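Using this note's numbering, the letters of the sequence shown correspond one by one to residues 16 to 315. Even for Gly, the Cβ is constructed at its ideal location relative to N, Cα and C. All values derive from a computational prediction rather than experimental measurement. Let me begin by presenting the structure, written as structure tokens, before commenting on it.
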Amino acid sequence: MTTTSPTTAASQASAVEKAAVLTEALPWLKEFHGKTIVVKYGGNAMVDDELKQAFASDIVFLRHCGVRVVVVHGGGPQISAMLARLGIDSEFRGGLRVTTPEAMDVVGMVLVGKVGRELVGLLNAHGPFAVGMSGEDAGLFTAERRGAMINGESVDIGLVGDVVDVRPEAVVDLIDAGRIPVVSTIAPDEDGQAHNVNADTAASALAVALGAEKLVVLTDVAGLYRNWPESEEIVTQIDAAELAELLPSLASGMVPKMEACLRAVQSGVSRATVIDGRVPHSLLLEIFTDAGSGTQVIPS
16 MTTTSPTTAA
26 SQASAVEKAA
36 VLTEALPWLK
46 EFHGKTIVVK
56 YGGNAMVDDE
66 LKQAFASDIV
76 FLRHCGVRVV
86 VVHGGGPQIS
96 AMLARLGIDS
106 EFRGGLRVTT
116 PEAMDVVGMV
126 LVGKVGRELV
136 GLLNAHGPFA
146 VGMSGEDAGL
156 FTAERRGAMI
166 NGESVDIGLV
176 GDVVDVRPEA
186 VVDLIDAGRI
196 PVVSTIAPDE
206 DGQAHNVNAD
216 TAASALAVAL
226 GAEKLVVLTD
236 VAGLYRNWPE
246 SEEIVTQIDA
256 AELAELLPSL
266 ASGMVPKMEA
276 CLRAVQSGVS
286 RATVIDGRVP
296 HSLLLEIFTD
306 AGSGTQVIPS
């Protein structure tokens, strides 16, 4: 008679559980193989070392699964820290950073010289995959100055731009070469003046230009709350028409993220999702599990 020790039984149960996870991922691996996914990286996932490592491994995993993945990153926490260190005032209006010419110099230094380089390094620890670039490189982005909407009125917020034109050829070339483009969101206007472009906005515009299958936006919340703060119920899926109605009532910090998702699906991206970047491997959970993660926006 053959007996199985408790340790062996536990190991077998664990192996079966892992196999079930892989089996669940199979249809999603098929669906996204060869497709483009744009991921906006930001929030707490950028400052916690464990989350940074988890994000980098997730992105490289996607690349090895045949996903054409592009990362667009912000740098809000790092920009705020550097501005404070230099004694430069930092203010937000309508969820967007007020950017003076002095602050713009810091934004460029932090996004391109610090955050982008660090992320490229984390990704390349897994192999020579990542290439850093900004919206100024190869004419990727052209920006137009914008204001912030507060109580229905446009308010000047300095050198903050909206992406009005995308030339994605350089990004496509990198993807075709098996690379992972890592994009910093600095963009010039038609006169060459650099602007601070919200990373959610830039990721959305790039996803549209690339004909991406999916846009994923990392946040510091679990998703879109149905009746915050009265309820902690998460909206798991919402269509574009319903989101457009809801947008004016959202908390200011969520407006750029949900607006980015709305723009993407209204312009041809199949789906856009905001996920909780505080959860390790939330990106893989969203893409390769049936339950997904966060709030998904779909066309009406």
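Report the option in the options whose CA atom is closest to the CA atom of residue i.
i: Met-317; options: Asp-291, Asn-211, Ile-313, Arg-108; result: With the chain running from 16 to 315 in the structure shown, residue 317 is simply not present.
i: Ile-190; options: Gly-49, Ser-29, Ser-26; result: Gly-49
i: Glu-159; options: Ile-172, Leu-137, Ala-71; result: Ile-172
i: Ala-227; options: Gly-193, Arg-286, Gly-154, Ala-275; result: Arg-286
i: Asp-343; options: Glu-133, Gly-147, His-141, Ile-302; result: Nothing about residue 343 can be read from this structure; the chain reaches only from 16 to 315.
i: Cys-276; options: Leu-299, Leu-66, Val-36, Lys-55; result: Lys-55
i: Gly-89; options: Gly-58, Val-187, Glu-260, Gln-281; result: Gly-58
i: His-79; options: Asp-254, Thr-251, Ala-145; result: Ala-145
i: Ser-219; options: Val-86, Pro-42, Ala-185, Gly-81; result: Val-86
Identify whether residue i lies in helix, strand or coil by the three-state DSSP scheme.
i: Lys-50; result: coil
i: Val-280; result: helix
i: His-141; result: coil
i: Leu-101; result: coil
i: Pro-314; result: coil
i: Glu-205; result: coil
i: Arg-293; result: coil
i: Met-61; result: helix
i: Val-125; result: helix
i: Met-16; result: Because the pLDDT at Met-16 is just 48, under 50, the model does not fix this residue reliably, and the value given afterwards should be weighed accordingly. Of the three classes helix, strand and coil, the one that applies to Met-16 here is coil, per DSSP.
i: Asp-188; result: helix
Could you give the distance in angstroms between the alpha-carbon of residue i and the alpha-carbon of residue j?
i: Asp-235; j: Asp-215; result: 13 Å
i: Gly-207; j: Val-197; result: 22 Å
i: Gly-123; j: Ala-30; result: 47 Å
i: Asp-152; j: Thr-51; result: 20 Å
i: Ser-297; j: Ser-308; result: 7 Å
i: Val-223; j: Gln-27; result: 45 Å
i: Thr-310; j: Val-250; result: 6 Å
Taking only heavy atoms of the ligand GDP into account, decide whether any of them is closer than 7 Å to the Cβ of residue i.
i: Val-231; result: Absence of the ligand GDP is noted for the structure shown, with no ligands found whatsoever.
DSSP has residue i in a bridge; who is on the other side?
i: Val-87; result: Lys-55, Val-198
i: Thr-157; result: Asp-180
Is there contact here, the stretch 175-192 with the stretch 90-99, by at least three beta-carbon pairs under 8 Å? no
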